[in-house]
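In full-length UniProt numbering, the protein residues as written are 1 to 69.
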């Protein structure tokens, strides 16, 4: 099962290729990027992003249709 990991901005900048490979291979599902010990961004595969957007669109459409009932 893919795991959610945290990485510092500095470490990410030093290990960009390895980090992207980890996400592309599915080893890491989402990578939370920290700067000054605070979450600043999330890095995920394009497939995960598309799936998330599709799910969001489905939910929006559901509530749109529900509002006309």
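C-beta: ideal position from N, C-alpha, C; glycine also.
It should be emphasised that the depicted structure is a prediction, and the values quoted were computed from it without experimental measurement.
One thing to note: residue 39 has its Cβ within 8 Å of the Cβ of residue 32. For residue 57, the secondary structure class from DSSP, reduced to helix, strand or coil, is helix. Cβ contact annotation for residue 41 (same chain, cutoff 7 Å, sequence separation greater than five): 33, in chain order.
Per the coordinates, the alpha-carbon of residue 16 lies some 29 Å from the alpha-carbon of residue 56. CA-CA distance, residue 18 to residue 65, rounds to 44 Å.
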